[in-house]
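Participant:
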Amino acid sequence: ERGWLMSTVQMWQGTRKSDDYHSEMNASVFEAWFKEKLVPALDKEQGSRRKKDWVLVIDRAPYHLEQADGNRGPTTSMNRTQLAEYVIAQQGRKDTGELWTEQELLHDMQLRESNRKAAGYSKSFLLALARDVSPRTKHYKWQDWVADLNKQRLYDVRVLLLPVAHPRLNAIELCWAQVKEYVRHNN
Numbered sequence: 040e041r042g043w044l045m046s047t048v049q050m051w052q053g054t055r056k057s058d059d060y061h062s063e064m065n066a067s068v069f070e071a072w073f074k075e076k077l078v079p080a081l082d083k084e085q086g087s088r089r090k091k092d093w094v095l096v097i098d099r100a101p102y103h104l105e106q107a108d109g110n111r112g113p114t115t116s117m118n119r120t121q122l123a124e125y126v127i128a129q130q131g132r133k134d135t136g137e138l139w140t141e142q143e144l145l146h147d148m149q150l151r152e153s154n155r156k157a158a159g160y161s162k163s164f165l166l167a168l169a170r171d172v173s174p175r176t177k178h179y180k181w182q183d184w185v186a187d188l189n190k191q192r193l194y195d196v197r198v199l200l201l202p203v204a205h206p207r208l209n210a211i212e213l214c215w216a217q218v219k220e221y222v223r224h225n226n
């Protein structure tokens, strides 16, 4: 209805390190912006509104898509113990039932570790098992922030997550096009 909340605008001066702002923008800066700029702006703006509903438009920049801690998938950089712990932690989240109970997996791994002839579960086996029990849908940090905001302040903030590379739906891309055109003709 009112469009942009101007008090949430955050700008950087370009540096010679990078061609664009991506070297200055990251997930920590996004989180600080959300909590220190957006939330106070919503609170201030709320005083002049009867409704408490908002739409937050988020594109798929990497810093917007940082996953919540409990939702990060397994990686090849994890060691065997970390992979086993990941599998155990995910067991309660698996929709199709448990593959192993915590006691079974730990007991079996301890037996294999103590038996030098049996090398134990290989890292590749544990990685495959971890990938099998990892969540199929991604859960981003901002989803928790929005849920907390809605619960604490009784707002109805909804998020529109834009499709990948869709400039017609992403208002910032239209703004960038105008800025680039201006710079092209005036530099």
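Residue numbers (my numbering): 40 to 226.
Just so you know, even glycine gets a beta-carbon here, dropped at the ideal spot from N, CA and C.
For clarity, every value in this text was computed on a predicted model and none was experimentally measured.
Going straight from the alpha carbon of K76 to that of H224, what length do you get?
Facilitator: 33 angstroms
Participant: Nearest-angstrom Cα distance between V48 and L104?
Facilitator: Whole-angstrom Cα-Cα distance: 20 angstroms.
Participant: Helix, strand or coil for D171, going by three-state DSSP, please let me know.
Facilitator: helix
Participant: Would you tell me roughly how many angstroms separate the C-alpha atoms of V94 and Q85, rounded to the nearest one?
Facilitator: 13 angstroms
Participant: Per DSSP, what kind of secondary structure is D98 in: helix, strand or coil?
Facilitator: coil
Participant: Closer than 8 angstroms by C-beta to L122: which residues in its own chain qualify, once you throw out the five before and the five after it? Chain order, please.
Facilitator: P113, K162, L165, L166, L168 and A169
Participant: Just to confirm, is the Cβ distance from D183 to A107 under 7 angstroms?
Facilitator: yes
Participant: Note down, in chain order, each residue of its chain lying with its Cβ closer than 6 angstroms to the Cβ of R99, except the 5 sequence neighbours on either side.
Facilitator: V203
Participant: Bridge partners of R223, per DSSP?
Facilitator: None, per the DSSP bridge assignment.
Participant: Determine whether the beta carbon atoms of N110 and P174 lie at a separation below 7 angstroms.
Facilitator: yes
Participant: Along the chain, where does the alpha helix (DSSP H) containing V48 start, and where does it finish?
Facilitator: That residue, V48, is in no alpha helix (DSSP H); it is neither H nor E in DSSP.
Participant: Tell me where the alpha helix (DSSP H) around R207 begins and ends.
Facilitator: First-last for R207: undefined, no H or E at that position.
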